[in-house]
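Protein chains: 2
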Amino acid sequence: MTQLLDVRKMNILRAIVDDYILTAAPVGSRTLSKRDDIELSPATIRNEMSDLTELGFLEQPHTSAGRVPSEKAYRLYVSNIMDRAQLTEDEAEYIKAHLSQRVSEVGDVIKETARMLSGITKYTSVVQMPHMKNARLKHISLVPVTEGSALAIVVTNSGATNSTLLTVPKGITTAHLEKISSLMNTRLSGYKLVDVQTTLLPLLREEVGEQAESVAEMLEGISNDMTRQNVEVVGAANMLDYPEYSDVAKAKSFLSELEKGEVLKEVLSDDGDVEMTIRIGKENDNPELKDCSVITVSYRVCGEQVGSMGVIGPTRMDYGKVVAVLKFMSENLGKVLSRMLLGDGSDGANNK
Amino acid sequence: MTQLLDVRKMNILRAIVDDYILTAAPVGSRTLSKRDDIELSPATIRNEMSDLTELGFLEQPHTSAGRVPSEKAYRLYVSNIMDRAQLTEDEAEYIKAHLSQRVSEVGDVIKETARMLSGITKYTSVVQMPHMKNARLKHISLVPVTEGSALAIVVTNSGATNSTLLTVPKGITTAHLEKISSLMNTRLSGYKLVDVQTTLLPLLREEVGEQAESVAEMLEGISNDMTRQNVEVVGAANMLDYPEYSDVAKAKSFLSELEKGEVLKEVLSDDGDVEMTIRIGKENDNPELKDCSVITVSYRVCGEQVGSMGVIGPTRMDYGKVVAVLKFMSENLGKVLSRMLLGDGSDGANNK
DNA sequence: GTTAGCACTCAAATGGCGCGAGTGCTAACG
DNA sequence: CGTTAGCACTCGCGCCATTTGAGTGCTAAC
Chain A
20 MTQLLDVRKM NILRAIVDDY ILTAAPVGSR TLSKRDDIEL SPATIRNEMS
70 DLTELGFLEQ PHTSAGRVPS EKAYRLYVSN IMDRAQLTED EAEYIKAHLS
120 QRVSEVGDVI KETARMLSGI TKYTSVVQMP HMKNARLKHI SLVPVTEGSA
170 LAIVVTNSGA TNSTLLTVPK GITTAHLEKI SSLMNTRLSG YKLVDVQTTL
220 LPLLREEVGE QAESVAEMLE GISNDMTRQN VEVVGAANML DYPEYSDVAK
270 AKSFLSELEK GEVLKEVLSD DGDVEMTIRI GKENDNPELK DCSVITVSYR
320 VCGEQVGSMG VIGPTRMDYG KVVAVLKFMS ENLGKVLSRM LLGDGSDGAN
370 NK
Chain B
20 MTQLLDVRKM NILRAIVDDY ILTAAPVGSR TLSKRDDIEL SPATIRNEMS
70 DLTELGFLEQ PHTSAGRVPS EKAYRLYVSN IMDRAQLTED EAEYIKAHLS
120 QRVSEVGDVI KETARMLSGI TKYTSVVQMP HMKNARLKHI SLVPVTEGSA
170 LAIVVTNSGA TNSTLLTVPK GITTAHLEKI SSLMNTRLSG YKLVDVQTTL
220 LPLLREEVGE QAESVAEMLE GISNDMTRQN VEVVGAANML DYPEYSDVAK
270 AKSFLSELEK GEVLKEVLSD DGDVEMTIRI GKENDNPELK DCSVITVSYR
320 VCGEQVGSMG VIGPTRMDYG KVVAVLKFMS ENLGKVLSRM LLGDGSDGAN
370 NK
């Protein structure tokens, strides 16, 4: 493509998208000509719209209706046209306040984040719990609890802690446990959790003599537990406010799909190191989302990418706003979590 | 009330409720007379229906429509008329299989229970995580993890274990922690968790000298963590299948309310020792549920009532089926959890 | 006490009608 | 030559009158 569209076409297209995002109704030439930012007669606009339709940026539901932006138009809008909306002072303040007030549990912070995301955007929000795949092991201790169970306490280099209750073979003694944990420590310290599961575990399984099986099982239990991904979904009901879901059948299939949780894998799919991903309509792998757009952003704790979150809305979502909110939210969540996991010490992330 | 209704009226009422539960459409005299179990002419039935209307068991949406059961009718139906449906072999089998296959985590078992409940009933299900309020403390240990944090490991008399990460004052040493935990053990062992929070904590706070504040904070952290109630909700989207929610606005307000979570408190409200509660329509405290019925049942682990679960559906829900499923599910969940918490030893509950 | 018959009611479905928003084309204008 | 006014044409949508049919209540006969 050379210069995609001349300035006037751009302006018209922007106006159409803006309007459609707001009203969900096909927009016509007259409506546009009334706008302040477009000083053209309806007829001229009609000509331009005709061109835009031919180029695939607009669609007509039927002959005598206005035009509706195509997915191609949204794509262009997102990458070239829209001016990213700013959060209002109030919103920014609100987010900061609510995020730092819940400093007790990681889970709570994630939930609150999801709530705020959908509260501000009025769409459906999805927030992943931070995973620890890339965290490096620092220390493992095994504490006997009852006959047949022990607690594994795992500390990672970032300072994060996790504990899992393990079932251990009945006969095992405290001395045994200590031996095993010291073994684990010498062999595993410094490695990533994800490596433990994929590569180190098989190796170790061969090497350890006596308690081979128990050690292996324990490790598997630990890394399973620490690798499991949980996702908070909030605001699904919001979708019912939009005319695209005024059909109950559509609403139902969307909500069911959400509940099944397959959708979440799509959000979860972290595209390498990409900061933010915008998937419009059929760009989503899941056919259930073909009328939705999904914007996701990853967040980092102490520089390490540990999870992502996203907003799901109709294709005519307010992209500018959502992008702004997500960006802000991701940064702030990162800060708060970093602070939490490091025990309030202010290193790593700069918490202004 | 003497004998509430004569046999024929009962039969007719049952037939109407049965039919309405199935079709959600007002049922007329002709429809009824065609049924095999009622051998009367439409005219006779009309007379009876007229009586039933006067008695408050039936309602007419408008003059020329059939009759619809009133809440009073459902009440009667539930307590006197319905024959509790049995689960099919397949369903029972299915439940047992899926429940015992997920023996790893309590949370998973609860989730699976909720999923099956709504899967079988096609309504919305709500399952509470088991609480430990009534569990008696057996042992507490505090394990230092990093500078500034320690893990509290709590074992209860039933063998259940729980661990919480606590933040401790920076200066504290391992020796300190040991002292504190032994103090906790001597003073608290044998008490119920719920008592710790409400009555023991203030007492203790005065008594301990030196580390008063830290101890108190820790205990508060522990008991907060162990008392928190979590609830799984599954199948909300199912409601959209029923004509009573074909109005999107209604659907939306129901779903929003569910998401807000206030509804859950209602389910949670354990009516003392009552096994099963059925709330029909406006019997629900929450006005949002005035067109719903909620059936809840508590479940027990080792004889102790530790949580409850329920099904939310339209007032014309299939009461017989739901009651049967809930009863079965509650028993089986109890068994599975008992087995899990006791570490597979088969005492307490009899696991056939 | 039960039932057939009949007049009456009323929601919902049906179908025509006109409105109005919007298009596309053509011809005139600067 | 780009822009605009004018006009005929399209077509979904809401409105209204009509029909349909399920259902009732009453009365009179069995």
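Protein chains in written order, with our numbering: chain A, 20 to 371; chain B, 20 to 371. Think of the CB as a built atom: it goes at the ideal place given N, C-alpha and C, for glycine as much as any other residue.
For residue 278 (chain B), the nearest CB of chain A lies under 8 angstroms from its own CB, placing it at the interface with that chain. For residue 58 (chain A), the closest C-alpha among the options A:42, A:45, A:31 is that of A:31. Look at residue 196 (chain B): its C-beta is not under 8 angstroms from any C-beta on chain A.
Between residue 260 (chain B) and residue 211 (chain A), the gap from beta carbon to beta carbon reaches 8 angstroms or more.
The beta carbon of residue 89 (chain B) lies closer than 7 angstroms to those of 75, 76, 77, 78 in the same chain, with the five residues before and after it left out. The beta carbon of residue 352 (chain B) sits closer than 6 angstroms to the beta carbons of 132, 318 from its chain, once the five residues preceding and following it are set aside; these are given in chain order. Interface criterion met: the Cβ of residue 270 (chain B) is under 8 angstroms from a Cβ in chain A. With the criterion set as a beta carbon lying under 9 angstroms from some beta carbon of chain A, the members of the region 166-180 of chain B are 166, 167, 168, 170, 172, 174, 178, 180, in sequence order. Judged by their CB atoms, residue 339 (chain A) and residue 101 (chain A) are nearer to each other than the 8 angstroms cut-off. Residue contact check for residue 274 (chain B) against chain A: a CB pair falls below 8 angstroms. Chain B places no beta carbon closer than 8 angstroms to that of residue 310 (chain A), leaving this residue out of the contacts. Per the coordinates, the alpha-carbon of residue 155 (chain A) lies some 14 angstroms from the alpha-carbon of residue 149 (chain A). Going by DSSP, residue 193 (chain A) is part of the alpha helix (DSSP H) stretching over 193-207. Residue 334 (chain A) has its alpha-carbon roughly 57 angstroms from the corresponding atom of residue 197 (chain A). With a threshold of 16 other beta carbon atoms within 10 Å, residue 55 (chain A) falls short and is exposed. Selection A:359, A:356, A:345, A:168 evaluated against residue 139 (chain A) yields A:345 as nearest (Cα-Cα). Closer than 8 angstroms to the CB of residue 62 (chain A) there is not a single CB belonging to chain B. Along the region 233-281 of chain B, the beta strand (DSSP E) occurs as fully enclosed runs of 3 or more residues at 250-253, listed in sequence order. Collapsing the DSSP output to three states places residue 187 (chain B) in coil. Between residue 277 (chain B) and residue 327 (chain B), the C-beta spacing is not below 8 angstroms. In this structure the region 169-181 of chain A touches the region 157-177 of chain B; the number of beta carbon pairs closer than 8 angstroms is three or more. Between residue 251 (chain A) and residue 130 (chain A), the gap from beta carbon to beta carbon is short of 8 angstroms. Nearest in C-alpha terms to residue 218 (chain B), of all of B:53, B:238, B:321, B:204, is B:238. By the beta-carbon neighbour count (other beta carbons within 10 angstroms, threshold 16), residue 257 (chain B) is buried.
Among the residues facing chain B, residue 146 (chain A) is not included, as its CB has no counterpart in that chain under 8 angstroms away. In this structure, A:159 is the residue among A:358, A:329, A:159, A:189 with its C-alpha nearest to the C-alpha of residue 199 (chain A).
With contacts defined by Cβ atoms closer than 8 angstroms, residue 96 (chain A) and residue 331 (chain A) do not form a contacting pair.
Of all residues in the region 87-115 of chain A, none is placed with a Cβ closer than 7 angstroms to any Cβ belonging to chain B. Out of B:347, B:263, B:207, the CA that lies nearest to the CA of residue 41 (chain B) is found in B:263. Annotation: the continuous alpha helix (DSSP H) that includes residue 94 (chain A) extends over 90-95. Put simply, the backbone Cα of residue 323 (chain A) is about 28 angstroms away from that of residue 185 (chain A). Taking CB atoms only, residue 325 (chain B) has no neighbour in chain A less than 8 angstroms away. Taking C-beta atoms under 8 angstroms as the contact rule, residue 303 (chain B) and residue 313 (chain B) qualify, at a distance of about 6 angstroms. Residue 279 (chain A) and residue 301 (chain A) have their C-alpha atoms some 20 angstroms from each other.
Within chain A, the residues placing a beta-carbon under 9 angstroms from that of residue 265 (chain B) are 267, ordered along the chain. With respect to the 8 angstroms criterion, residue 61 (chain A) and residue 69 (chain A) are not classified as neighbours on the basis of their beta carbons.
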